[in-house]
Every structure is written in C-alpha cells, then in structure tokens.
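Trainee:
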Amino acid sequence: MTIKCRRCQSKTLPSDMLLDRGFKIDMKSLPIDCSFCQWTGVLSNYQEHIDQSHSYLRCEYCDEEFNSVNKFNQHKVFECQQIIVDCILKDFGCPGRIIRAKIQDHYLTEQHQHAILNVVRQMLLQWNDRQMDIDLPRTTTAEAYNPVTAPMEELQEM
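The working numbering numbers the first residue of the sequence shown as 5 and each following residue consecutively.
1) Contact defined as beta carbons within less than 8 Å: I believe residue 32 pairs with residue 48. What is the distance between those atoms, to the nearest angstrom?
2) Taking the alpha carbon of residue 116 as the point to measure from, which residue in 83, 106, 98 has its own alpha carbon closest?
3) For residue 64, does the three-state DSSP call read helix, strand or coil?
4) Could you say if the region 59 to 68 and the region 20 to 30 meet the contact criterion of at least three C-beta pairs nearer than 8 Å?
5) What is the C-beta distance between residue 87 and residue 104, in whole angstroms, given that I count them as a contact (C-beta under 8 Å)?
6) Buried or exposed: where does residue 121 fall if 16 or more other Cβ atoms within 10 Å of its Cβ makes it buried?
7) Which of the three DSSP states is assigned to residue 26 in this structure?
8) My assumption, with CB atoms under 8 Å, is that residue 46 sits in contact with residue 36. Please give the rounded CB distance.
9) Sorted by chain position, which residues of the same chain lie with C-beta nearer than 8 Å to residue 94's C-beta, five sequence neighbours on each side aside?
10) Between residue 127 and residue 109, what straight-line distance do the alpha-carbon atoms span, to the nearest angstrom?
11) May I ask you to list the residues that DSSP assigns as paired with residue 163?
12) Leaving aside the five residues before and after residue 84 along the sequence, list all residues of the same chain whose C-beta is less than 7 Å from its C-beta, in chain order.
13) Starting from residue 109 and walking both ways along the alpha helix (DSSP H), at which residues does that stretch end?
14) Using DSSP's beta-bridge definition, name the partner residues of residue 45.
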C-alpha cells in the first residue's frame with residue numbers, strides 16, 4: 005500500500021514516512037471548548053479537565069451516571085428512554101417530538117399515520133415517473149380512436 009501526496013501526486017510507502025513532531029505539538033495547542041460545561045482551554049489539557057470535572061457524567065433526561073464520555077454519548081444517542089427524539093417521518097409531515105420510550109405509541113397516532121400515507125404517495129409518484137420514462141414509446145403513431153376498444157387499451161397500458 006502506498007500513500008499519494010495530494011500536492012505533487014508522488015507515492016510513498018508508510019514505512020518511509022516520519023511523524024511530524026511539529027504537527028503533533030500544534031495539535032496539542034489547538035483551542036477546545038468542553039461540550040459538557042463552559043470550560044475552554046487547549047487540547048493537551050482537555051483529558052485532565054474531563055477526568056477532574058466530568059468523571060461521572062449524568063444524563064439530564066434520566067439521571068443515569070456514566071464514568072466515560074463514550075458510554076455517556078452512546079447512552080444519549082441509542083439507549084436513553086427519556087430523551088426527546090424527532091419522529092423518523094419528520095420530513096414527511098410528522099412534526100412529532102416524542103420521548104423515546106413512547107415512540108411505539110406515537111406510531112399509532114393519526115398524525116403519524118398521515119405521514120406514512122405521504123411517504124407512500126411520494127414513493128408511488130416517483131415509481132410512476134420512472135415507469136413513464138421506461139414505458140414511453142420512442143416513436144409517435146397516429147391511430148383512429150375507437151370508443152369501444154379505447155377503455156380496454158388504457159387498462160392494458162397500466
């Protein structure tokens with residue numbers, strides 16, 4: 005495996021590359037804001053701040069405590085049953101903001117059912133548009149209109 009330089013396009017083996025100590029030092033001095041409080045500082049001090057100030061993170065929705073930021077974030081994104089989430093059909097007219105534990109009940113509401121119908125309608129329109137693009141003949145023919153056979157021909161075209 006080789007790594008290609010974006011600037012000059014030359015290829016280099018990873019074993020031939022050296023870590024840039026200056027880059028590492030620059031990274032440590034980057035300013036950072038804590039996502040859990042008002043603390044601001046540099047990246048090199050962030051872990052110490054987390055260990056001292058946030059060793060036990062508490063979920064503001066269910067009061068469960070966590071001893072790591074990763075577990076805390078995992079809990080909020082996937083597990084906390086008391087957090088308020090957007091309905092999965094928000095973009096289709098379901099403005100529901102629901103407590104995660106009550107999402108199953110929300111799915112049965114009239115509001116959510118209307119959003120499902122909107123999704124189905126939109127999918128049918130897209131499917132019909134694609135079918136029209138596929139089914140349209142490339143040539144135009146003129147035929148005499150026969151009122152007896154016309155309805156049957158329309159059904160066959162569907």
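Where a beta carbon is used, it is the ideal one built from N, C-alpha and C, also for glycine. The structure presented is a predicted model; accordingly, all values stated were derived computationally and were not measured.
Mentor: Straight from the coordinates:
1) About 4 Å separates the two Cβ atoms, so the contact holds.
2) 98
3) coil
4) no
5) 5 Å
6) exposed
7) helix
8) With 8 Å as the limit, residue 46 and residue 36 qualify as a contact, their Cβ atoms being about 7 Å apart.
9) 100
10) 25 Å
11) Residue 163 lies beyond the range of the chain shown here (5 to 162); nothing can be said about it.
12) 63, 65, 66, 104
13) 107 to 111
14) 36
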